[in-house]
Amino acid sequence: MIRYQVRSIQLLNLINDISSGKLVPEPFFQRNLVWREIHKKDFIETILMGYPFPQIFISKGKIDLVNRISTSCIVDGQQRCNAIQEFIEDKFTVDGRIFSDLNEEEQSEFFKYEIAVIELDLAHDDPKVGEIFQRINRTANALTGIEKKASEYSSSEYMLVAQYMSDQLVSKQAQIDDLFNDDVDSNIKINPHIDGDFLDWIQRNPVKKFSTLINDDKIFTKLEISKKVNLMYTMNLISTYISGIYNRNDGAWEHAELYKDNFDIKDQIIEKFEKVADLYLNLKFNKKSLWNRKANFFSLFIVLLSFIDRSVNLGQLKEVLNTYEPDDIYKMAAKEGVNNAKERTLRNDYIMDLIAPFFN
Numbered sequence: 001m002i003r004y005q006v007r008s009i010q011l012l013n014l015i016n017d018i019s020s021g022k023l024v025p026e027p028f029f030q031r032n033l034v035w036r037e038i039h040k041k042d043f044i045e046t047i048l049m050g051y052p053f054p055q056i057f058i059s060k061g062k063i064d065l066v067n068r069i070s071t072s073c074i075v076d077g078q079q080r081c082n083a084i085q086e087f088i089e090d091k092f093t094v095d096g097r098i099f100s101d102l103n104e105e106e107q108s109e110f111f112k113y114e115i116a117v118i119e120l121d122l123a124h125d126d127p128k129v130g131e132i133f134q135r136i137n138r139t140a141n142a143l144t145g146i147e148k149k150a151s152e153y154s155s156s157e158y159m160l161v162a163q164y165m166s167d168q169l170v171s172k173q174a175q176i177d178d179l180f181n182d183d184v185d186s187n188i189k190i191n192p193h194i195d196g197d198f199l200d201w202i203q204r205n206p207v208k209k210f211s212t213l214i215n216d217d218k219i220f221t222k223l224e225i226s227k228k229v230n231l232m233y234t235m236n237l238i239s240t241y242i243s244g245i246y247n248r249n250d251g252a253w254e255h256a257e258l259y260k261d262n263f264d265i266k267d268q269i270i271e272k273f274e275k276v277a278d279l280y281l282n283l284k285f286n287k288k289s290l291w292n293r294k295a296n297f298f299s300l301f302i303v304l305l306s307f308i309d310r311s312v313n314l315g316q317l318k319e320v321l322n323t324y325e326p327d328d329i330y331k332m333a334a335k336e337g338v339n340n341a342k343e344r345t346l347r348n349d350y351i352m353d354l355i356a357p358f359f360n
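Under UniProt numbering, the first residue of the sequence shown is numbered 1, with each subsequent residue one higher.
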């Protein structure tokens, strides 16, 4: 039986705890922020009207006996807390007013709003925390399949490598350099399955070109990235490189299990993918290019992996790709059933024939 406490906390105290670092809104298992502004406005309006909203789940975390402080994390409620912070910082309006436009009484009432909290007596790295997070999100706005699977395979080295390559390893990839100076075991934002050896490997194997490409907004929307669609593509690219074309996401999840303890070709993956991504970026496709459509991007990247160790005439390759007019058969394979093995194979064969002459 998990021990927990039901209580309420003033909104002001909750925000102060987040600002001081005592409460971490972005632990490793949290999904990325996906609320649109209209949802944020509706939520803030609920608070301004004094109406209740569902409770926030908090994990107590561990106690630092040396510094005599405890750090908790938000298990469920990240997006609500983010909306509150952004409204206080005047980042959006509600009924035409930013927070600073509220009079003193309204601001005071906003800060005094009581938030229902369920506080779990669990450390952030307890497996039960991730399980509770998944169960809470089995709703209409539930986690996507990839989000659930990523949580399920959070200890798989294959998954960690794919997350690192797609900028999904920590809640804010810009903070990753700071992680090397932190105590890995106590950092709530780090997946507890990441040890010092893996962080050392990250330092030795920077991923710049591929992470830029797989987060390119010409290929993936911000919403798709927030829902880890680019992570799923990364996994499928890796697994197709390893074992060839397969149906949908089958190979990716097989490899997440197969390589859960040791993904021994990760250095090779990084090297090859960085080279292909560099070439892909140098082709400089315009925003409306067919090669920025996800199915075509996937297939072209896979074919380029086959040629990446050969020399290439970049100018001619760019010209043939930019002027390519696919026939109806290819168009259909890039439009319907795009993740089926049959359609992937067809696109692969077409692209192979198209670009092979430009590699020596």
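Beta carbons: idealized from backbone N, C-alpha and C, even for Gly.
Distance CB(residue i)-CB(residue j) smaller than 7 Å
i: A83; j: K112; result: no
i: K335; j: K287; result: no
i: S239; j: A252; result: yes
i: S306; j: I351; result: no
i: K228; j: E325; result: no
i: W35; j: Q78; result: no
i: M235; j: A123; result: no
i: D167; j: N205; result: no
i: I115; j: I270; result: no
i: L237; j: F301; result: yes
i: E37; j: V94; result: no
Straight-line gap, residue i to residue j (C-alpha atoms, nearest Å)
i: K275; j: V312; result: 12 Å
i: V75; j: I56; result: 8 Å
i: R248; j: F43; result: 37 Å
i: D349; j: R293; result: 18 Å
i: F358; j: G337; result: 29 Å
i: Q203; j: I265; result: 17 Å
i: N11; j: A333; result: Correcting the residue type first, residue 11 is Leu in the shown sequence and not Asn. Spanning the two alpha carbons is a distance of roughly 52 Å.
i: H255; j: S154; result: 13 Å
i: V6; j: L120; result: 9 Å
i: F285; j: G96; result: 40 Å
i: A277; j: V66; result: 46 Å
i: C73; j: D126; result: 12 Å
i: L321; j: A356; result: 12 Å
i: L283; j: E224; result: 24 Å
i: I18; j: A341; result: 47 Å
i: F220; j: N230; result: 7 Å
i: S226; j: S151; result: 15 Å
i: T71; j: Q85; result: 19 Å
Reference residue i; option with closest CA among the options
i: T212; options: D197, Y241, R204, L279; result: L279
i: K128; options: S59, S100, P52; result: S59
i: D267; options: L169, L321, W201; result: W201
i: K318; options: G145, P326, N236, W291; result: W291
i: D328; options: T234, R347, Y233; result: R347
i: E157; options: L258, K22, P54; result: L258
i: E343; options: L65, L48, Y246, Y164; result: Y246
i: F263; options: M159, M49, G21; result: M159
i: I63; options: L23, I225, E152, N13; result: L23
i: D353; options: A341, N339, Y330; result: Y330
i: I194; options: Y241, L223, D90, D261; result: D261
Under the three-state DSSP convention, the category residue i falls into
i: I188; result: With a pLDDT of 48 at I188, under the threshold of 50, the modelled position of this residue cannot be trusted; read the value that follows with caution. In the structure shown, I188 sits in coil (DSSP, three-state: anything other than H, G, I, E or B).
i: V320; result: helix
i: N141; result: Residue confidence for N141 is low, a pLDDT of 49 falling below 50, so the modelled location carries little weight and cannot support an answer.
i: R344; result: helix
i: F301; result: helix
i: L23; result: strand
i: D195; result: coil
i: V276; result: helix
i: I225; result: helix
i: S311; result: coil
i: K172; result: Only weak support is given to the placement of K172: the predicted model assigns it a pLDDT of 42, under 50, and the value that follows is read from those uncertain coordinates. Here K172 sits in coil by DSSP.
i: V207; result: coil
i: V66; result: coil
i: V117; result: strand
i: F220; result: coil
i: R97; result: strand
i: F263; result: coil
i: F359; result: strand
i: A83; result: helix
N-terminal and C-terminal residue of the alpha helix (DSSP H) that residue i is part of
i: F57; result: Element bounds for F57: not the alpha helix (DSSP H) but the beta strand (DSSP E), 56-59.
i: S108; result: 104-112
i: residue 364; result: Nothing about residue 364 can be read from this structure; the chain reaches only from 1 to 360.
i: F43; result: 37-48
i: E157; result: 157-165
For residue i, the first and last residue of its enclosing beta strand (DSSP E)
i: R293; result: R293 -> no beta strand (DSSP E), and no H or E assigned at all.
i: V229; result: Careful: V229 lies outside any beta strand (DSSP E), inside the alpha helix (DSSP H) at 229-243.
i: D76; result: 72-76
i: Y4; result: 4-10
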